Structure formats: structure tokens, C-alpha cells
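> Sharing a structure, written as C-alpha cells. Questions coming.
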Amino acid sequence: ETEKLKWNPWLLAEVCAPLMRLLLGFLVLFSFFFHIARKLLGISTTATTFQGNLCRGGQMIDNMDLEPNDKVYYKANLKIFPDGLYYPNCSLLLQPNTTKEELVGECVNFTIASNKLNLSKGKDLSNTKERVMWVLIHHLCANESCGQPSRLPILLLILHLNF
Numbered sequence: 001e002t003e004k005l006k007w008n009p010w011l012l013a014e015v016c017a018p019l020m021r022l023l024l025g026f027l028v029l030f031s032f033f034f035h036i037a038r039k040l041l042g043i044s045t046t047a048t049t050f051q052g053n054l055c056r057g058g059q060m061i062d063n064m065d066l067e068p069n070d071k072v073y074y075k076a077n078l079k080i081f082p083d084g085l086y087y088p089n090c091s092l093l094l095q096p097n098t099t100k101e102e103l104v105g106e107c108v109n110f111t112i113a114s115n116k117l118n119l120s121k122g123k124d125l126s127n128t129k130e131r132v133m134w135v136l137i138h139h140l141c142a143n144e145s146c147g148q149p150s151r152l153p154i155l156l157l158i159l160h161l162n163f
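Shown next, in the form of C-alpha cells:
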């Protein structure tokens, strides 16, 4: 006769504990190599979240209103452009008769000033890099003006705190 297997919590613990130790070992090993790679590449783990902070995580933003030549330039030089913005000043939304355009304009002006960028002509800039940067900042302000800090520096900080 075949005896049915009975539920045994100790058997489960004996199987799960080694698997959990193995998983933890992989996580520690990954964190170690990630830490070494950050040091070698000079990547800072400080999560700076001052207002107007442009975050560079290397992600491409697809739905920006760029001219065809500017799109080509943006894709070719993706690493020099930000993909996030920390601008938590949403106080204008609480005031009556305030439009989203006013909030976006304040965000754009503040971000340009706080990052010391020379983008005074806006979308009409002759320099392709500056024109793409202006469109990108305007897009980030329009879509993330009440957003949270970029998640990449925070992720790096969390991984850094594990050591």
C-alpha cells in the first residue's frame, strides 16, 4: 500500500531554508559587484532631491514633441539628457484661477535657472542640444511637475546602504 504524504512543516523548513540562503547569497554577491561597478564607473549614490533636480537614469522618453532632426540627435546622445525631474512645488494647483500652463512655466523657468542652463530662447534655440534640452524640460515639467524624485538615485542609495 502506498502511504499518503502528510503535511510536514519541518520538511518545508528544511527545503526552504537552504533556498533562501542561496537567494540571499546571490543578492549579496550581486550587491557587491554592483557596488564595485559603481566605484569603478564613478556613479554617485547620493540621492539629491533639491527642487528642479534633473535626474539622469538613461531612459528614453518617447512621447516628446521633437522635430525629426532633434529626435535623431536625442537618440544618439541619450546619455547626456535627463529622464526625470524633481519639482514638488504644487502650491499653484491649490490657488484659484491657476492654470497648468502657469505651473509648467514656473517649473521650466525654475529648473532652467537652478541648473544654470542658457535656454532663454526656448524652442527657437539654434543649438540642437539646447533646443532638445528645452523641449525635454518642458515635457518633464508638464508631465511630472508634482512628481517624486527620480527612482534611480534612491535605488542606488538603498543598495549602497546594504554595505
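Using the UniProt record's numbering, count along the sequence shown one by one with no gaps and you end on 163. Backbone N, C-alpha and C define an ideal beta-carbon position, used for all residues, glycine too. Model, not experiment: these values are computed from the prediction.
Nearest-angstrom Cα distance between LYS39 and THR99?
For LYS39 and THR99, the distance between alpha carbons rounds to 45 Å.
> Per DSSP, what are the beta-bridge partners of LEU85 in this structure?
According to DSSP, which records beta bridges pairwise, LEU85 is partnered with LEU54.
> Is the stretch 99-109 touching the stretch 62-76, taking contact as three or more C-beta pairs under 8 Å?
No: the two stretches stay apart, fewer than three of their Cβ pairs being nearer than 8 Å.
> Would you report the Cα separation of GLY58 and ASN77, rounded to the nearest angstrom?
GLY58 and ASN77: Cα-Cα distance of roughly 10 Å.
> Alpha carbon to alpha carbon, how far is HIS35 from ASN97?
Rounded to whole angstroms, HIS35 to ASN97 spans 49 Å at the Cα level.
> So, at 8 Å on beta carbons, what are the nonlocal neighbours of TYR73 in its own chain, with the 5 sequence-adjacent residues on each side left out?
Closer than 8 Å at the Cβ level, and outside the excluded window around TYR73, lie THR128, LYS129 and VAL132.
> Does DSSP classify GLU106 as helix, strand or coil?
It is helical.
> DSSP on GLU130, reduced to helix/strand/coil?
Of the three classes helix, strand and coil, the one that applies to GLU130 here is helix, per DSSP.
> Could you check if LEU119 is buried or exposed, using at least 16 other CB atoms within 10 Å of its CB as the buried criterion?
When all chains shown are included, LEU119 counts as buried.
> In whole angstroms, what is the alpha-carbon distance linking ASN53 and SER31?
The alpha-carbon atoms of ASN53 and SER31 are separated by roughly 26 Å.
> Any idea what DSSP makes of ASN118, helix, strand or coil?
DSSP places ASN118 in coil when its eight states are reduced to three.
> With a Cβ-Cβ cutoff of 8 Å, do LEU136 and PRO82 count as a contact?
Result yes, Cβ atoms of LEU136 and PRO82 sit closer than 8 Å.
> Thinking C-alpha only, which one of CYS107, LEU117 and ALA17 is nearest HIS138?
Nearest C-alpha to HIS138: CYS107.
> Since ASN77 is in the alpha helix (DSSP H), which residue starts that stretch and which ends it?
Note, ASN77: premise wrong, no alpha helix (DSSP H); not H, not E.
> Alpha carbon to alpha carbon, how far is CYS141 from PHE33? Give it in angstroms, no decimals.
Roughly 35 Å separates the two Cα atoms.
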